[in-house]
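Chain order of the listed sequences is L and F.
Under this note's numbering, the residues of the first sequence are numbered 1 to 198, in order.
Under this note's numbering, the residues of the second sequence are numbered 1 to 150, in order.
Have a look at the structure below before the remarks.
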Amino acid sequence: MSQIQLQIDGKEIKAREGMTVLEAAREAGIYIPTLCHHEKLEPFGGCRLCLVEATVRNRTNLVVSCVYPVQENVVVRTRSEKVDRIRKTILELLLAHAPDSMVLQELAREYGAEPDRFEKESSFCIHCGLCVRYCAEVKGKHAIGFIDRGIRKEISFIPEIAAKECAACKECFPLCPTSYLQSVFVLTEALAASTQDL
Amino acid sequence: MNLERIDQIIDKHNAEPSSLIQVLLEIQSENHWLPRQALERVSQRLEVPYTRIQHIATFYKAFSLVPKGKHEINICMGTACHVRGAPRILDSIQDLTGIKPGETDLDLKFSLETVNCLGCCALGPVVEIDGKTHGNLAPGKTADVIKNYE
Ligand code: SF4
Ligand code: FES
Numbered sequence: 001m002s003q004i005q006l007q008i009d010g011k012e013i014k015a016r017e018g019m020t021v022l023e024a025a026r027e028a029g030i031y032i033p034t035l036c037h038h039e040k041l042e043p044f045g046g047c048r049l050c051l052v053e054a055t056v057r058n059r060t061n062l063v064v065s066c067v068y069p070v071q072e073n074v075v076v077r078t079r080s081e082k083v084d085r086i087r088k089t090i091l092e093l094l095l096a097h098a099p100d101s102m103v104l105q106e107l108a109r110e111y112g113a114e115p116d117r118f119e120k121e122s123s124f125c126i127h128c129g130l131c132v133r134y135c136a137e138v139k140g141k142h143a144i145g146f147i148d149r150g151i152r153k154e155i156s157f158i159p160e161i162a163a164k165e166c167a168a169c170k171e172c173f174p175l176c177p178t179s180y181l182q183s184v185f186v187l188t189e190a191l192a193a194s195t196q197d198l
Numbered sequence: 001m002n003l004e005r006i007d008q009i010i011d012k013h014n015a016e017p018s019s020l021i022q023v024l025l026e027i028q029s030e031n032h033w034l035p036r037q038a039l040e041r042v043s044q045r046l047e048v049p050y051t052r053i054q055h056i057a058t059f060y061k062a063f064s065l066v067p068k069g070k071h072e073i074n075i076c077m078g079t080a081c082h083v084r085g086a087p088r089i090l091d092s093i094q095d096l097t098g099i100k101p102g103e104t105d106l107d108l109k110f111s112l113e114t115v116n117c118l119g120c121c122a123l124g125p126v127v128e129i130d131g132k133t134h135g136n137l138a139p140g141k142t143a144d145v146i147k148n149y150e
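Listed below in structure tokens is the structure:
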């Protein structure tokens, strides 16, 4: 596989073709914040937090590093005034949905995001898709999926599959940035138990 | 809808996973809604995870996971129809059928939905029933139209 030479935050880096900018950065020990990325999963590009500035032939664009493939001689900046400003807004929007998420709160401190900038609309899930994709791609169980769309999009367990598979696994639990997943699981269990009694 | 009929529809598409939406649309149009057993069958035969089917079936408004009436009434509330009196048409249809938008009557005869433009504003106010367009309606004329659907 051919080698690709690029620059991230002023550091010369060698990457392999087909890698994403995020992977190249991580390999070189450069940190880029992410919410929906997981190394075992296919690139998703849902949260946009990992965006960076990339300059190719004197043109600078904002790109989403977890889905952006490395290119010869691209110059990447993982932080800039513009990048930081966008990350701050993304975090503020997400905090309106999941105000108590520790992951979000920590990132908010880093980027100076104001947790109260937008009116609270606690839906808790931030649609990162980690739980759904992990169950499908890594475990191949498909015990949890999304339903509906837009602002009504929600996660939903398939009770029959969850009853068989989840108790022994629960590998998706620590992935959830908001703990909403755990509560939906508990609710699904309770619902299953109460209908069994009928 | 029985499983044989569902299998027939699936066989017509050679149980291709890529025909999922087409299969669901055909079940929806024959049966007026997608019962859980039907979705489970489709999942099994097409070898598509149930989670994916559930996501698609809830994503598109064309699908319904609850029983729908034999006749589907779509009343246009788009701007043109609205200024031409659609709200009054809606009122009269609600009176005639006894249901509100999003509802289905107990005899499973009618389902009522509002839509935001049927693309024939010159005919407004427009009501579409089972795919057939009824234009230039007036509250006094709706009863004549509705009574043709038993
Ligand atoms: S429940 Fe958690 S892990 Fe699953 S999509 Fe929502 S925020 Fe992500
Ligand atoms: S980590 Fe790249 S978009 Fe979420």
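The beta carbon of each residue, even a glycine, is placed where N, CA and C say it ideally should be.
**Q.** Amino acids of chain A, ordered along the chain, whose beta-carbon sits closer than 8 Å to that of residue 158 of chain L
**A.** You won't find chain A in this structure, because its protein chains are L and F.
Q. With burial defined as no fewer than 16 other Cβ atoms inside 10 Å of the residue's Cβ, what is the status of residue 169 of chain F: buried or exposed?
A. In the structure as shown, chain F begins at 1 and stops at 150. Residue 169 of chain F is therefore absent and cannot be evaluated.
**Q.** For residue 75 of chain L, the nearest candidate out of L:190, L:66, L:46, L:56 (CA to CA)
**A.** Position 75 of the first sequence holds residue 75 of chain L. Minimum Cα distance to residue 75 of chain L is reached at L:56.
Q | residue 114 of chain F - partner residues in DSSP beta bridges | A | Against the second sequence, residue 114 of chain F aligns to sequence position 114. Assignment of beta-bridge partners to residue 114 of chain F by DSSP yields F:75.
Q.
By the 8 Å beta-carbon criterion, what residues does the region 149 to 174 of chain L contribute toward chain F?
A. Per Cβ criterion, the list reads 149, 156, 158, 161.
Q: Output the residue ranges of the beta strand (DSSP E) runs that lie fully inside the region 113 to 165 of chain L and measure 3 residues or longer, sorted by chain position.
A: Those beta strand (DSSP E) runs which fall completely within the region 113 to 165 of chain L and span 3+ residues are 144 to 147, 154 to 157.
Q | Proximal residues, the region 57 to 80 of chain F versus chain L, C-beta separation under 7 Å | A | The residues in question are 58, 59.
Q | Under the three-state DSSP convention, the category residue 69 of chain L falls into | A | Counting from 1 along the first sequence, the entry for residue 69 of chain L is found at position 69. In this structure, residue 69 of chain L counts as strand in the three-state DSSP scheme.
Q: Could you check the C-alpha separation between residue 8 of chain F and residue 140 of chain L for me, to the nearest Å?
A: Position 8 of the second sequence, counted from the start, is the residue given in the question as residue 8 of chain F. Position 140 of the first sequence, counted from the start, is the residue given in the question as residue 140 of chain L. Approximately 29 Å between the Cα atoms of the pair.
Q. Which term fits residue 110 of chain F, buried or exposed, when burial requires 16 or more other beta carbons within 10 angstroms of its beta carbon?
A. As a working mapping, residue 110 of chain F is identified with position 110 in the second sequence. Result: buried.
Q: Locate the alpha helix (DSSP H) running through residue 89 of chain L, then write down its first and last residues.
A: Counting from 1 along the first sequence, the entry for residue 89 of chain L is found at position 89. Note, residue 89 of chain L: alpha helix (DSSP H), 81 to 97.
Q | Identity of the residue in F:59, F:86, F:81, F:34 nearest residue 147 of chain L by Cα | A | By one-based count along the first sequence, residue 147 of chain L stands at place 147. Measuring from the Cα of residue 147 of chain L, the nearest candidate turns out to be F:59.
(Q) the ligand SF4 and residue 46 of chain F: does the residue's C-beta get closer than 7 Å to at least one heavy atom of that ligand? (A) Here the question's residue 46 of chain F lines up with position 46 in the second sequence. No, Cβ of residue 46 of chain F sits at least 7 Å from all heavy atoms of the ligand SF4.
Q: Confirm, please, whether the CB-CB distance from residue 45 of chain F to residue 99 of chain F is below 8 Å.
A: As a position in the second sequence, residue 99 of chain F is number 99, starting the count at 1. As a position in the second sequence, residue 45 of chain F is number 45, starting the count at 1. Going by C-beta atoms, residue 99 of chain F is not nearer than 8 Å to residue 45 of chain F.
(Q) Under 8 Å: do the region 12 to 32 of chain F and the region 178 to 196 of chain L share three or more Cβ pairs, one atom per stretch? (A) No, the region 12 to 32 of chain F does not touch the region 178 to 196 of chain L.
**Q.** Cβ of residue 185 of chain L within 8 Å of any chain F Cβ
**A.** In the first sequence, counting from the first residue as 1, residue 185 of chain L sits at position 185. Chain F contact via Cβ: absent.
Q) Taking the alpha carbon of residue 160 of chain L as the point to measure from, which residue in L:168, L:143, L:169, L:153 has its own alpha carbon closest? A) Working through the first sequence from its first residue, we reach residue 160 of chain L at position 160. Scanning L:168, L:143, L:169, L:153 for the CA closest to the CA of residue 160 of chain L turns up L:143.
**Q.** Burial state of residue 174 of chain L, where buried means 16 or more other Cβ atoms lie within 10 Å
**A.** On the first sequence, position 174 is the one that residue 174 of chain L refers to. It counts as exposed.
Q: Since I believe residue 114 of chain L is in contact with residue 92 of chain L (beta carbons under 8 Å), could you give me their beta-carbon distance rounded to a whole number of angstroms?
A: As a working note, residue 92 of chain L is residue 92 in the first sequence. As a working note, residue 114 of chain L is residue 114 in the first sequence. Confirmed, about 6 Å.
Q: Examine the ligand SF4 and report whether any of its heavy atoms sits within less than 7 Å of the Cβ of residue 180 of chain L.
A: Taking the first residue of the first sequence as 1, we reach residue 180 of chain L at position 180. The answer is yes for residue 180 of chain L.
Q) Going straight from the alpha carbon of residue 60 of chain L to that of residue 34 of chain L, what length do you get? A) In the first sequence, the residue the question calls residue 60 of chain L occupies position 60. In the first sequence, the residue the question calls residue 34 of chain L occupies position 34. Rounded to whole angstroms, residue 60 of chain L to residue 34 of chain L spans 21 Å at the Cα level.
Q. Roughly how far, in whole angstroms, is the beta-carbon of residue 65 of chain F from the beta-carbon of residue 53 of chain F, given that I think they are within contact range, below 8 Å?
A. One-based indexing of the second sequence puts residue 65 of chain F at position 65. One-based indexing of the second sequence puts residue 53 of chain F at position 53. With 8 Å as the limit, residue 65 of chain F and residue 53 of chain F do not qualify as a contact, their Cβ atoms being about 11 Å apart.
Q: Per DSSP, which residues does residue 64 of chain L bridge with? Please list them.
A: Here residue 64 of chain L refers to the residue found at position 64 of the first sequence. Looking at the DSSP output, residue 64 of chain L bridges to L:51.
Q) Is residue 152 of chain L buried or exposed, if buried means 16 or more other CB atoms sit within 10 Å of its CB? A) Counting from one through the first sequence, the residue named residue 152 of chain L turns up at place 152. That one is exposed.
Q) Mind checking whether the beta-carbon of residue 126 of chain L lies closer than 7 Å to any heavy atom of the ligand SF4? A) By one-based count along the first sequence, residue 126 of chain L stands at place 126. Short note on residue 126 of chain L: C-beta closer than 7 Å to some heavy atom of the ligand SF4.
Q.
What does the alpha-carbon distance come out to for the pair residue 113 of chain F and residue 31 of chain F?
A. Looking up residue 113 of chain F in the second sequence gives position 113. Looking up residue 31 of chain F in the second sequence gives position 31. Distance between residue 113 of chain F and residue 31 of chain F, taken at the CA atoms: about 17 Å.
Q) Run through DSSP, which three-state label would residue 178 of chain L get? A) On the first sequence, position 178 is the one that residue 178 of chain L refers to. Residue state, collapsed to three classes: coil.
Q.
Suppose you measure from the CA of residue 102 of chain L to the CA of residue 126 of chain L; what does that come to, to the nearest Å?
A. Counting from one through the first sequence, the residue named residue 102 of chain L turns up at place 102. Counting from one through the first sequence, the residue named residue 126 of chain L turns up at place 126. Take the alpha-carbon of residue 102 of chain L and the one of residue 126 of chain L: they are about 13 Å apart.
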